[in-house]
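Heads up, the sequence shown is in this note's numbering, so the first residue is 134 and it goes up one at a time.
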Amino acid sequence: MAATTRPAATPVVLHGCGGQPVTSPTTFTLACGDGKISLGSLVWSDWGRPTASATGKYLAVGCVPDCASGTEVPYAATVTVSGLLDGGYTVMHISAPHAPSRTADYRLDYQGPVEAR
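Here you go:
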């Protein structure tokens with residue numbers, strides 16, 4: 134009996150800035166233009182399932198004394214990705230209760246993250 138082979142499962146990805154696909158990233162830039170908003174220290178659960186979540190840090194550059202010379206401020210955050218389509222998540226929700234913007238939603242596509250307003 135001949136052995137059967139299966140094609141390798143395609144890993145589920147997020148598309149980062151510039152469309153770079155990443156799998157269960159530990160860091161992820163949200164503000165592609167200037168990099169002043171990002172996620173870090175991400176620890177994922179249920180990656181590859183229809184909905185995955187992570188705990189980590191929401192990192193935003195504070196504009197004190199101004200945005201150009203501000204420093205990065207970390208906020209504890211929970212990140213949820215969903216909308217699994219063609220091997221990639223298409224929706225991201227961020228909850229960071231102590232950040233100035235407590236929640237944020239992003240659309241994820243082949244060009245990278247775009248804030249949904």
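Quick reminder that beta carbons are idealized off the backbone N, C-alpha and C, glycines included.
Going by DSSP, what residues sit across from H226 in a beta bridge?
Start at 1 with the first residue of the sequence shown, and residue 226 comes out as number 93. For H226, which the question treats as bridged, DSSP gives the partners T213, D238.
DSSP three-state call for G151: helix, strand or coil?
Position 18 of the sequence shown, counted from the first residue, corresponds to residue 151. Helix.
Output yes or no for whether 8 Å exceeds the beta carbon distance between V214 and L147.
Against the sequence shown, residue 214 aligns to sequence position 81. Against the sequence shown, residue 147 aligns to sequence position 14. For V214 and L147, yes; Cβs fall inside 8 Å.
Between which two residues does the beta strand (DSSP E) harbouring G245 extend?
Along the sequence shown, read from residue 1 onward, the residue named residue 245 stands at position 112. 245 to 248 is the extent of the beta strand (DSSP E) around G245.
DSSP state of A187, grouped into three classes?
Position 54 of the sequence shown holds residue 187. Strand at A187.
The beta strand (DSSP E) with L163 in it runs from where to where?
Taking the sequence shown and counting its residues from 1, the one referred to as residue 163 is at position 30. Here L163 belongs to no beta strand (DSSP E), and DSSP marks it neither H nor E.
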